[in-house]
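Everything below concerns the one structure shown next.
Residue numbers (my numbering), protein chains in the order written: chain A, 7 to 260; chain B, 7 to 260; chain C, 7 to 260; chain D, 7 to 260.
Have a look at this one:
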């Protein structure tokens, strides 16, 4: 098993960024591929709000990259929900263009969308599904693990001064989404996006006891035939995606 | 020489943060201090805009912590200029309260302001001097290395669509400072703050060829007797504060 | 949850070393303890041969440190089995003296043996139990997870040219233990050490399907009333001590 | 500027290893090279005894990789002097085969010896020059910065119980080199190797005040026309190769 801590400058973000890169066991790289022609599938994996890419070292990501022969790119998205902030960095653009382009120069990863996937945990699931719906030419599969998906509900909670459960308050949500009164039905509203026929494939997984499980269920229903949803027994994930991430990666790799 | 990479949760920031902590050679810790009564001086050190705390590993920070017997705390402040953002995290509060309080629980560092200092490089110099002027009960000394200090000038450049030289554009400066029309003379304007008599001590160091050298000179002049300024030959710093940081730390430790 | 990557110099090792330090949520540190009098329990945790301390980030160590209010020190022991090598660094001495002494200067951790514990995974279990048996004045509890404990059997395999299952060959085992003909019954032979009455407490945990499970069973039997052993269902640990480490830390903290 | 922390498994070392990888600014990668045909030069850079690859972050390595458009691979060689240990890991083989082969699979670096170079600091200079002399088919250029080169003298000091100045004592030197009585004139004795005509190119740089400067001078003299040597003013390097490493990389890139 192997991973990088990548620290580099992004033109789009206007500064340095950090990412974890998990990849196949080095002695299992296609060592007989003298021409270096083989290009590995790549999965962009987004962490939850309040966390950082290093949280993903607790998950089986490193082992799954090795087992399935894929690269997993996990960038820090800080408090941006992976969005193009109204007042702040343009993470969605970074993720769907510069991050992949840079990594394609450095690593032997696939160029086309067929084997380019995106997934996330918690609010990372929101960012992953939204980015895939916006960039169908880049990503063909997206998954959400214990997703925090209904941002409209969260905005309503924040406006009425309630705890949103994800740490962000009204001012921060405004910085990300701009005028909150215009959120519903807009480009950041997953449920509005899901009304249009989607071309990629989507996978949702939640633990049975997960409090936002319905958000995944209703979004999967809206997406229709392109979406699949499964549930795991409560506690199965040991707080670190021990069962859900293997299921999601297996789904992507099929 | 020794350092930590610290990764932890902040209540004030509403999420995880990263910091480098440089400290005295471990075999030189006061090993005869059986009661662990000795408390080391502490310097908070802020990186430049577009960078990260790991940039400080290029500087002599680790060696200086060892030589002078101090702890250096270098937090990531991302694209916030170390400020309490209007739309975003409250870094100035984090730096002047939670970060120090947490580290005082974990490390044997001083409790009082006499040996609690703050410094920074580039825009970090701006954040350091401003935080010290705002929090005279916390920090008694502040320094700026090749400081980017005149934010009003930068805001004017941004408004007229010019390159600010620090990567930030108008929208990002608004997210940090709020209404830019009200910046001048406010709590984030160093030159306005310097009009009031300051109680701490301040140190400015620039390379001779540094393009913003005048900003340090005029601010030092405004601060008057509490401020000291020195210049280094062009190139002396080898792009990594090889001469300026030793000068600044020596100044603080006297 | 919080952790450090510690990089520092050791006098005993004659060079730099790396360690992960996991500790209690920072906002849950005894913030009402103005005198900083409280000293947290400390667990030294040893990784398996062929691995490194960063492997422990895959385990629940960070969460367990937070939940139980303890510090977990996980040093890199490289290819030494945590031993005082015949030809090489003195890791057992480093672990049982310098590492703890240094950390007691830096962190608010306990001074005495009552709350100073050691544990390990695979060959780390061997190192942990041996170190505790050798240093009863330092450690009062030790645990082994899926332990690789019978070094005599491994040496016999290595001598006959068989795969030892732990990567080390005869030359490397000689570098660690010296003359292999004199291993049996010596200070590095756990089963010989267990013949003498032990004063600490010992805990062994294995998955049902673990191939070396008998090694734990026979050692626990030899240790007698001071030892406890439990088995977990096959697969319960998800390759990353998801169930065994919580059991072991809970046992230590009682 | 950009770098990786690489953590992976080595078959030759029988376990995990760590390395820093410094490389060209990501936005300056040959972005117009759609076929990814360009292969960057590569420099293997060895740290000094008692240190680790992260020490190289204090040097201008990251900036030099960016400026010259090269990859710099800096592996941890621990206490091995980069040698194939008699009792321990085979670092010279690892460095000259597996490390490069793995990195050629992952990164767009050159395949052939023309642009594959090796250098080091202190004892890293010893390892670099020796590895280049042994593997002329792999490396065509080698440099040594403030080299600790005369291992025979160090062995004599160790045998007579004197401080070797590099931390290693007789037992450790035996673990590396085997029977010390047979060191002189053998495969690990640089001055013996230099008696044979060398095919690569060699560069030595020392500060004027460096105590082992004569070792570089006499080795350069033995190597003859293939070797170049320069001296820097005392203190020029600011303890972190600020002048010597740029000189050495410039020499290699010409």
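Each residue gets a CB set at the ideal place from its N, CA and C atoms; glycine is no exception.
Within 8 Å, strictly: CB atoms of residue i and residue j
| i | j | result |
| --- | --- | --- |
| residue 62 of chain C | residue 80 of chain C | yes |
| residue 26 of chain C | residue 59 of chain C | yes |
| residue 115 of chain C | residue 109 of chain C | yes |
| residue 204 of chain C | residue 240 of chain C | no |
| residue 104 of chain D | residue 11 of chain A | no |
| residue 131 of chain B | residue 146 of chain B | no |
| residue 9 of chain C | residue 82 of chain C | no |
| residue 143 of chain B | residue 221 of chain B | no |
| residue 89 of chain A | residue 133 of chain A | yes |
Rounded separation between residue i and residue j - CA only
| i | j | result |
| --- | --- | --- |
| residue 53 of chain C | residue 152 of chain B | 45 Å |
| residue 67 of chain A | residue 64 of chain D | 31 Å |
| residue 55 of chain B | residue 87 of chain A | 22 Å |
| residue 78 of chain C | residue 250 of chain A | 28 Å |
| residue 193 of chain C | residue 234 of chain C | 23 Å |
| residue 84 of chain C | residue 236 of chain C | 28 Å |
| residue 45 of chain A | residue 248 of chain D | 39 Å |
| residue 190 of chain B | residue 148 of chain B | 22 Å |
| residue 258 of chain D | residue 242 of chain B | 25 Å |
| residue 13 of chain C | residue 113 of chain D | 28 Å |
| residue 261 of chain D | residue 28 of chain B | A query on residue 261 of chain D cannot be resolved here, the shown segment of chain D reaching from 7 to 260 and no further. |
| residue 43 of chain A | residue 182 of chain A | 40 Å |
| residue 163 of chain D | residue 170 of chain D | 6 Å |
| residue 196 of chain A | residue 135 of chain A | 8 Å |
| residue 255 of chain D | residue 127 of chain D | 13 Å |
| residue 173 of chain A | residue 70 of chain A | 30 Å |
| residue 232 of chain D | residue 202 of chain D | 12 Å |
| residue 253 of chain A | residue 160 of chain C | 37 Å |
| residue 176 of chain C | residue 186 of chain D | 21 Å |
| residue 167 of chain C | residue 178 of chain D | 26 Å |
| residue 306 of chain A | residue 198 of chain A | Not covered by the structure: residue 306 of chain A. The range shown for chain A is 7 to 260. |
| residue 212 of chain C | residue 158 of chain C | 20 Å |
| residue 230 of chain C | residue 98 of chain C | 25 Å |
| residue 30 of chain A | residue 15 of chain D | 11 Å |
| residue 57 of chain B | residue 165 of chain B | 23 Å |
| residue 118 of chain B | residue 119 of chain D | 59 Å |
| residue 180 of chain C | residue 238 of chain C | 34 Å |
| residue 129 of chain D | residue 150 of chain C | 38 Å |
| residue 260 of chain D | residue 260 of chain B | 46 Å |
| residue 184 of chain B | residue 188 of chain A | 21 Å |
### Task
Determine, using beta-carbon pairs with one atom in the segment 129-140 of chain D and one in the segment 204-219 of chain D, whether at least three such pairs fall under 8 Å.
yes
### Task
Tell me, please, whether the segment 90-98 of chain B touches the segment 115-127 of chain B by the rule of three or more beta-carbon pairs shorter than 8 Å.
Flag = no, the segment 90-98 of chain B and the segment 115-127 of chain B do not touch.
### Query
Whole beta strand (DSSP E) runs in the segment 79-154 of chain A with 3 or more residues, listed along the chain?
122-127, 147-151
### Message
Quick check: the segment 220-239 of chain A against the segment 66-86 of chain C, are at least 3 beta-carbon pairs closer than 8 Å?
### Response
no
### Message
Whether or not the segment 7-27 of chain D and the segment 42-49 of chain D are in contact is what I'm after, with contact meaning three or more pairs of Cβ atoms, one per stretch, closer than 8 Å; do they touch?
### Response
no
### Task
Give, in chain order, every residue of the segment 59-83 of chain C whose Cβ lies closer than 7 Å to some Cβ of chain D.
60
### Query
In the segment 13-27 of chain D, which residues sit with their C-beta less than 7 Å from some C-beta in chain C, listed in chain order?
The segment 13-27 of chain D vs chain C, Cβ under 7 Å: 13, 20, 21, 22.
### Query
Of the residues that make up the segment 83-115 of chain A, which ones have a beta carbon closer than 9 Å to any beta carbon in chain B?
84, 85, 91, 92, 93, 94, 95
### Message
What ranges does the alpha helix (DSSP H) occupy inside the segment 164-238 of chain B, keeping only unbroken runs of at least 4 residues that lie completely in it?
### Response
Counting whole runs of 4 or more residues, the segment 164-238 of chain B contains the alpha helix (DSSP H) stretches 176-183, 196-199, 219-229.
#### Entry: Residue ranges of each alpha helix (DSSP H) within the segment 46-79 of chain B, 4 or longer
67-74
### Interfacial residues, the segment 239-250 of chain D to chain B, with Cβ spacing under 9 Å
244, 245, 246, 248, 249
### Query
Using Cβ-Cβ distances below 8 Å, what residues of the segment 176-207 of chain A are close to chain B?
Within the segment 176-207 of chain A, the residues whose Cβ lies closer than 8 Å to some Cβ of chain B are 177, 178, 180, 181, listed in chain order.
### Members of the segment 160-174 of chain A that neighbour chain B once the beta carbon cut-off is set at 8 Å
Look at the segment 160-174 of chain A: the residues with a C-beta under 8 Å from a C-beta of chain B are 173, 174.
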